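Colleague: Okay, here's the structure, questions in a sec.
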Amino acid sequence: MKIGVDLDNTLIDYDEAFSIGARRLGLVPVHWRGTKKQLKDHLCSRDGGEEQWQRLQGQVYGRWIGQARLFDGVYRFLWRCRERRIPVEVVSHKTEYGHQDANRAPLRTAAVDFLSGCGIHIGKGQLLRRIHFSDTRDEKIRTIAQRGYDWFIDDLPQILTDHRLPSGLGRILFDAGSRYRDHPAAVQIYRSWAEIGHRLLGGWTDPELHALAETVAADPVGAVRWHRQGGGNAGLLHVSMADTARKEGPGQREYALKLYPGRKGHDRLESEYTGSRIMHALHLGPIPAPIRAHRGLDAAMYEWIDGKGVTSPNAGHMGQALQFLRQLHQHRNAPEFAAFQNASNPLVSGADFERQLRQRLASLLDCSPEYPELQTYLSHEFSPLMERAIDWVRSAWDIDPGYDEPLPRERQTLSPSDFGFHNTLERTLPRAALPHSTNTPFNGRQQPIGLAGEDNRSALPCAAPPGAALVFLDFEYFGWDDPAKLIADFILHPGMSLGADLKRQWLQGAIGVYGTDVRPRLRLIFPLIMLAWCMILLNEYRSDVWLARCAADPRRAVRRESILDAQRKRSRDLMATIRGYLLNPQPEMVSTEYN
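In full-length UniProt numbering, the protein residues as written are 1 to 595.
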């Protein structure tokens, strides 16, 4: 197999770079946000906008290319191709200099330098075999036709449907922005590089997994096996190291290797790996010790925890959970956390909660035409209740800050976000050995850890000492957020099952951690968070979520109709709870039997 691929807007994502550039040139207000296409439409709709757009392009593709990023999954796809000895070449329509660029920045050199800075080099044995630049679209078409590719990947349908391309060429339209609904039969359309990788490369092979583990660990590996395989090239691997001479105690060194789905929207690797390193340094936990990360591959290695899941939590478990949150909250002003990112989907105002609800509803309505029962439920049952609840919250909002104002940072907390007993293990055996850790810092760009940077390997102290009952896991969504949201999510998460006594212990303990001023805020936002969970329960209707769930458990594929019916019933049951709450707004009285 031989693969050709476009460069701009196929490998390189310029959305944020164009927004930054437009603000720097004063073309949009300082708080403007949007995609590259939205920006182009905005500028070109006014007089002189076409010339402004061309000038902006020259700047972004040249001196401001450092503000761009690789699309999620690009590096991993190219790495897997190299492991399989599949050559990949770039064919790009990119002139030497930009239009309307008085500085004459060399665009081709800037692009090659950007790729090198991301760990993508060009040549035999590198992630890219060759790169071909064309002055015109016609020249690009001729190059594609002459290079003998089995597949070509581009973000422009006009390229892929050109009649001069060989009839046997496989054609993939990369449509990250979901702009194209209809396309010719000869063109396959995918929204992500994870999907493209699955189509062209299939599942991970054993040699690939072994090479992946050795690349991240920077050490010889003995055995690798899936512990939990998710969709979109995500998952968790169990790794046993081959080198037993360096072991610190009986038994082989064992690690957990996590594959993350990407960083668009929220950088999960940054949240979990960097967050774990900071928590580990501050002796917060117990948590798995972070070992080493590789930014390009979106992978990180952690201490392997032997233990069992908590299916019947008790007061002792609850006490440990509250103690961990107390530690985090007490250390929130540590300098290491000052610039830490927000939690995934942070909600720090009443308006934020309302905006999230409307976005979730719009996403579900987009897929509802295929499911009449969903459309009926959303339109006739859910939407009226949502509007009623929002009106109730707005009219009852008598606290400071106001409904539209963000909660100040000093009243926020460091939230694990997806926090609960579903993300804990009860340790059953004392640890045999201390892990090794690579304290290589993240650099400011997308240069992958493990490919560059100092390797300061040293033994870390025990993050989860023998005798500790619970170890807290999964910090992919960790960051700054409203503590009231954390309190409500803990109660409402479908993976939790809390009786009245535990629920009371949780609420009293959490208010003790975060202060009494969180109580009136919790009372107001609680119905909005319940509404969000009503829609989260319906995520299986979304094709991307369903594919990911089926990848994790293929047996689900034949049970979709029954699963959708069950999830819709759970959502409807929670709606009944919301109606009761609006009559008696007391979080401790909420029934979570829908779980």
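Ideal placement from N, C-alpha and C gives every residue a C-beta, glycine not left out.
All values reported here derive from a predicted model rather than from experimental measurement.
(1) Which residue from Gly235, Ala17, Pro207 puts its Cα closest to that of Gly222?
(2) Whole angstroms are fine: how far does the CA of Ala396 sit from the CA of Ala576?
(3) On the three-state DSSP scale, how would you describe Asp113?
(4) What residue does the beta strand (DSSP E) around Pro290 start on, and which one ends it?
(5) Count the other CB atoms, across all protein chains shown, that sit within 10 Å of the CB of Pro250; report buried if there are 16 or more and exposed otherwise.
(6) Measuring CB to CB, does Arg519 end up less than 7 Å from Ile529?
(7) Using the C-alpha atoms, what's the distance from Asp482 back to Phe475?
(8) Could you please give the first and the last residue of the uninterrupted alpha helix (DSSP H) stretch that includes Met535?
(9) Per DSSP, Met241 forms a beta bridge with which residues?
(10) Provide the residue(s) that pair with Ile153 in DSSP beta bridges, ordered along the chain.
(11) Determine the DSSP secondary structure at Gly34, reduced to helix, strand or coil.
(12) Given that a residue counts as buried once 16 or more other Cβ atoms are within 10 Å of its Cβ, and exposed if not, what is Cys44?
(13) DSSP three-state label for Ser395, please.
(14) Cα separation between Arg130 and Gly123?
(15) Within its chain, find whatever has a CB closer than 6 Å to the CB of Gly275; leave out the 5 residues flanking it on each side and keep chain order.
(16) Suppose you measure from the CA of Ile141 to the CA of Ile159; what does that come to, to the nearest Å?
(17) Could you please give me the residues that DSSP links to Phe472 through a beta bridge?
(18) Just confirm the distance between the C-beta atoms of Asp298 and Leu259, as a whole number of angstroms; I'd bet it's less than 8 Å.
(19) On the DSSP bridge list, what partners appear for Ser415?
(20) Report yes if the CB atom of Thr424 is closer than 7 Å to the CB atom of Phe472, and no otherwise.
(21) Exposed or buried, which one is Asn584 when buried takes at least 16 other CB atoms within 10 Å?
(22) Can you tell me which residues form a DSSP beta bridge with Ser92?
(23) Determine the extent of the alpha helix (DSSP H) in which Met279 is found, giving its start and end residues.
(24) Given a threshold of 16 other Cβ atoms within 10 Å of its Cβ, counted over all protein chains shown, does His163 qualify as buried or as exposed?
(25) Three or more C-beta pairs closer than 8 Å, one from the stretch 4–20 and one from the stretch 52–67: is that the case here?
(26) For the stretch 196–203 and the stretch 24–38, state whether three or more C-beta atom pairs, one from each stretch, are separated by less than 8 Å.
(27) Taking the alpha carbon of Pro527 as the reference point, which residue from Arg555, Leu470, Arg394 has its own alpha carbon closest?
(28) Taking Gln375 as part of the beta strand (DSSP E), name the residues at either end of that continuous run.
(29) Using a 10 Å radius around the Cβ and a threshold of 16 neighbouring Cβ atoms, would you call His380 buried or exposed?
(30) Leu7: buried (16+ other C-beta within 10 angstroms of its C-beta) or exposed?
(31) Once the 5 residues before and after Ala68 are set aside, which same chain residues still bring their CB inside 6 Å of it?
Modeller: If we stick to the structure as given:
(1) For the residues Gly235, Ala17, Pro207, the minimum Cα distance to Gly222 belongs to Pro207.
(2) In a straight line, the C-alpha of Ala576 is about 21 Å away from that of Ala396.
(3) Looking at Asp113 - three-state DSSP - the assignment turns out to be helix.
(4) Start and end: 290–294.
(5) With a pLDDT of only 45 at Pro250, under the threshold of 50, the placement of this residue in the model should not be trusted; the figure read from the coordinates follows. Label assigned to Pro250: exposed.
(6) Here Arg519 is not near Ile529, since their CB atoms are 7 Å or more apart.
(7) Taken atom to atom, the span from the alpha-carbon of Phe475 to that of Asp482 is near 16 Å.
(8) Per DSSP, Met535 belongs to the alpha helix (DSSP H) from 518–536.
(9) Met241 pairs with Val221.
(10) According to DSSP, which records beta bridges pairwise, Ile153 is partnered with Val5, Ile172.
(11) Reduced to three states, the DSSP call for Gly34 is coil.
(12) So Cys44 ends up on the exposed side.
(13) Residue state, collapsed to three classes: helix.
(14) If I take the Cα positions, the gap works out to 6 Å.
(15) Phe475, Phe478.
(16) Here the alpha carbons of Ile159 and Ile141 stand approximately 7 Å from one another.
(17) Phe472 pairs with Thr424.
(18) Right, their Cβ atoms sit about 7 Å apart.
(19) Looking at the DSSP assignment, Ser415 forms a beta bridge with Gly479.
(20) Yes, Cβ-Cβ distance for Thr424 and Phe472 is below 7 Å.
(21) The residue is exposed, with fewer than 16 neighbouring Cβ atoms inside 10 Å.
(22) Note: Ser92 sits in a beta bridge opposite Phe133.
(23) For Met279, the enclosing alpha helix (DSSP H) covers residues 275–281.
(24) Exposed, by the Cβ-count rule.
(25) Flag = yes, the stretch 4–20 and the stretch 52–67 touch.
(26) No, because fewer than three Cβ pairs between the stretch 196–203 and the stretch 24–38 fall closer than 8 Å, the two stretches do not touch.
(27) Ranking Arg555, Leu470, Arg394 by Cα distance to Pro527 puts Arg394 first.
(28) No beta strand (DSSP E) holds Gln375; the alpha helix (DSSP H) holding it covers 372–377.
(29) Exposed, because fewer than 16 other Cβ atoms sit within 10 Å of the Cβ of His380.
(30) Taking all protein chains in view, the Cβ of Leu7 is crowded by 16 or more other Cβ atoms within 10 Å, so the residue is classified as buried.
(31) The residues Ile12, Tyr14, Ala17, in chain order, have a CB closer than 6 Å to that of Ala68 in the same chain once the five nearest residues on each side in sequence are set aside.
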